[in-house]
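Residues in the sequence shown are numbered consecutively from 1228, following my numbering. Heads up, the beta-carbon is just placed ideally off N, CA and C, and yes, glycines get one too.
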Amino acid sequence: MTREMGYQVNTLATWSALAAATTESNPDLVWPKSVPVYDQMRKEESQVSSVLRAVTLPVRSASWALDPTGCRPEVVEHVSADLNIPVRGQAHTVPLRTRGRFSWADHLRLALLELVFGHSFFEQVYRIDDAGLAHLVKLAWRPPRTISKIDVASDGGLVAIEQYSTARPVRIPVNRLVAYVNEREG
C-alpha cells in the first residue's frame, strides 16, 4: 500500500480552522457558531421543519433489513441481534425487553440530524459477554452543541472530537466514533 504524500490541510487542523478558511460571508453560519442558528431554524421555522420532515420521514419509515450475502451466518446473526434489525428473507422476532438495547429507529433519527448541522457524531459503547464477544449496547449521540473541537489529520481524516466539560474537555478518538458528515469539504 502507498501512503499519501499530499494533504488537504497543512497541519493537524480543527473544523474551526477549516471553517475559518471557507468563503462563508455570514460569520454566524461558520461552525461552531452555526450550531445554535441551525438548531433554532429547524425548531422555529415551519418551512424548514416541513422540508426536513419531507426528506427524513421516508428514510425513517423505510423497512430496514440486513443483506446476508457473502457474510458468515454467525456474523449476520450477531449483527442482527445487536442492531435489532431483521435479516432479509428471515422471520424476525422483536425482543420483549428493549431497555439497554440499541434502537435503530432512534439512531437513524439522530443520524439524520447531520442534514441540519452538517455532522452527527456517536460514541460506540460495547459490553463483552461471557464468550468474549463484543455486543453493541448503544451508539451514544454526542449533540452538536456539546462539541467544542473536531480534530482532522492532514489527509482530511477524522482524528477525534472534544466535548465541552466543566472540568477538562472530553476527547473521544476516532476508533470510538461513528461519524456522519454532510457534504464534507476539507
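In the structure shown, residue 1333 falls within a helical segment according to DSSP collapsed to helix, strand and coil.
Taking a C-beta distance under 8 Å as the contact criterion, residue 1349 and residue 1331 do not qualify as a contact pair. Put simply, of 1336, 1343, 1298 and 1356 the residue whose alpha carbon is nearest the alpha carbon of residue 1410 is 1343.
Cβ-Cβ distances below 8 Å link residue 1279 to 1269, 1342 and 1343 in the same chain, with the five nearest sequence neighbours on each side left out; the list follows chain order. Contact between residue 1408 and residue 1345 holds, since their C-beta atoms are separated by about 7 Å, short of 8 Å.
Around the Cβ of residue 1399, a 10 Å sphere holds 16 or more other Cβ atoms; the residue is buried. DSSP places residue 1352 in the strand class (E or B) of the three-state scheme. Inter-residue distance for residue 1314 and residue 1271 is about 39 Å (C-alpha atoms, whole angstroms). Burial state of residue 1355 is exposed, judged by a 10 Å Cβ sphere holding fewer than 16 other Cβ atoms. 8 Å or more divides the Cβ of residue 1366 from the Cβ of residue 1390. Nearest C-alpha to residue 1334 among 1362, 1319 and 1310: 1310. Beta-bridge pairing by DSSP links residue 1376 to 1389.
The Cβ atoms of residue 1329 and residue 1302 lie no closer than 8 Å to each other. Beta-bridge pairing by DSSP links residue 1401 to no other residue.
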